[in-house]
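Have a look at the structure below, then the notes.
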Amino acid sequence: NAGVTQTPKFQVLKTGQSMTLQCAQDMNHNSMYWYRQDPGMGLRLIYYSASEGTTDKGEVPNGYNVSRLNKREFSLRLESAAPSQTSVYFCASSESRAIRMELFFGSGTQLSVL
Amino acid sequence: EDQVTQSPEALRLQEGESSSLNCSYTVSGLRGLFWYRQDPGKGPEFLFTLYSAGEEKEKERLKATLTKKESFLHITAPKPEDSATYLCAVSMFSGGYNKLIFGAGTRLAVHP
Numbered sequence: 012n013a014g015v016t017q018t019p020k021f022q023v024l025k026t027g028q029s030m031t032l033q034c035a036q037d038m039n040h041n042s043m044y045w046y047r048q049d050p051g052m053g054l055r056l057i058y059y060s061a062s063e064g065t066t067d068k069g070e071v072p073n074g075y076n077v078s079r080l081n082k083r084e085f086s087l088r089l090e091s092a093a094p095s096q097t098s099v100y101f102c103a104s105s106e107s108r109a110i111r112m113e114l115f116f117g118s119g120t121q122l123s124v125l
Numbered sequence: 195e196d197q198v199t200q201s202p203e204a205l206r207l208q209e210g211e212s213s214s215l216n217c218s219y220t221v222s223g224l225r226g227l228f229w230y231r232q233d234p235g236k237g238p239e240f241l242f243t244l245y246s247a248g249e250e251k252e253k254e255r256l257k258a259t260l261t262k263k264e265s266f267l268h269i270t271a272p273k274p275e276d277s278a279t280y281l282c283a284v285s286m287f288s289g290g291y292n293k294l295i296f297g298a299g300t301r302l303a304v305h306p
C-alpha cells in the first residue's frame with residue numbers, strides 16, 4: 012500500500028522554465044492538496060481539490076496551476092518558474108474536506124529555481 | 195488574525211529526559227487540532243487529532259492535550275528515535291470551508 016506518491020523527488024529549474032509535479036494516492040480519498048514548505052514557516056496551501064472534478068485556490072496560488080486528472084491523481088504545474096518558487100512541495104490527501112480531515116502526505120519534491 | 199505558534203523552535207533532550215512542546219493558537223471557531231511528526235526528507239505523518247478542550251490522546255511515549263488556547267505534546271522518557279520535527283495544525287471554518295493552519299514546527303533532538 013503506497014499511500015501518496017509524488018514525483019520527482021528533486022528538480023532544478025532555470026527561471027522561466029516550466030514543469031509539472033505529479034501526485035497519486037491509492038487510498039480512495041476524495042480530497043487532495045498541494046502545499047509548499049519553506050524554512051521557518053508553516054506549510055502553506057497552494058491549491059486543493061475537494062472532490063474529483065473540482066479545484067480551488069489556497070493561500071498562495073499565484074504562479075501555479077493544478078489539474079485533478081481523476082480521483083487518484085492531482086498534478087501541480089509551474090508555467091514559468093521563479094526563484095521565489097524554490098521550496099519543498101508536498102502533495103496530500105484526505106477522506107474529505109469535512110472536520111475529520113487528517114492529511115496523508117507524500118514524501119515531497121525539493122525544487123530549486125536558479 | 196488567525197495564527198498558530200509553536201514553541202520552542204528547537205529542543206535538545208537527553209534520552210529519558212521528559213519535556214513538552216507547545217502549540218498556541220488564536221483562531222475563531224476551532225474545529226480540530228492536529229499533531230504531525232516529520233522526519234528529515236519526508237512528508238508529515240499524522241499523530242493525533244483533538245477536538246475539544248480537556249481532551250487527551252496517547253501513543254507510546256507521546257501524549258497530546260488541548261485547552262481553549264493551546265495544546266501540549268508531552269514526551270515521556272524520549273528515545274533517540276523520537277528525534278523529528280513536530281508540527282501542529284488547527285482546523286477552522288473560514289470562507290465557507292474548513293481551513294487548516296500549520297505552525298512552523300518544533301525540531302526535537304534526543305541524544306543518547
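Chains as they are written, first to last, in this note's numbering: chain A, 12 to 125; chain B, 195 to 306. Where is the CB? At the ideal position from N, CA and C, for every residue including glycine. Here the structure is a predicted model, which is why all the values come from computation and not from measurement.
Could you please give the first and the last residue of the uninterrupted beta strand (DSSP E) stretch that includes V23 of chain A? That run of the beta strand (DSSP E) goes 21–24.
Please determine if the stretch 97–107 of chain A and the stretch 42–55 of chain A are in contact, where contact requires at least 3 C-beta pairs separated by less than 8 angstroms. Here the stretch 97–107 of chain A makes contact with the stretch 42–55 of chain A; the two share three or more CB pairs at distances below 8 angstroms.
Cβ-based neighbour list, S214 of chain B, same chain, cut-off 6 angstroms, excluding 5 preceding and 5 following: F266, H268
Stretch-stretch touch, CB-based, cutoff 8 angstroms, three pairs: the stretch 198–213 of chain B with the stretch 70–86 of chain A: no
Assigned exposure category for G210 of chain B - 16 Cβ within 10 Å defines buried: Under this definition G210 of chain B is an exposed residue.
C-alpha distance - L32 of chain A paired with T18 of chain A, whole-angstrom precision: 6 angstroms
Residue from B:T270, B:S246, B:E239 with nearest C-alpha to L153 of chain B: Missing from the structure shown is residue 153 of chain B; chain B here goes from 195 to 306 and no further.
Please classify N292 of chain B as buried or exposed, where buried requires at least 16 other C-beta atoms within 10 Å of its C-beta. buried
E239 of chain B - containing beta strand (DSSP E), residue span: 239–244
Ranges of the alpha helix (DSSP H) found wholly within the stretch 232–283 of chain B, counting only runs of at least 4: none
CA nearest to the CA of V71 of chain A, picked from A:E63, A:A103, A:L54: A:L54
In the DSSP assignment, find the beta strand (DSSP E) that holds Q36 of chain A and state where it starts and stops. For Q36 of chain A, the uninterrupted beta strand (DSSP E) segment begins and ends at 30–36.
How far does the beta strand (DSSP E) with H40 of chain A in it extend, from its first residue to its last? Looking at the DSSP string, H40 of chain A is not in any beta strand (DSSP E), and its letter there is neither H nor E.
CB contact check: K273 of chain B to chain A, cutoff 7 angstroms: no
Can you tell me which of the three DSSP states S91 of chain A falls into? coil
Using a threshold of 7 angstroms, state whether the C-beta atoms of D67 of chain A and Y59 of chain A are closer than that. yes
Should K236 of chain B be flagged as near chain A, meaning a C-beta pair shorter than 7 angstroms? Yes, contact with chain A.
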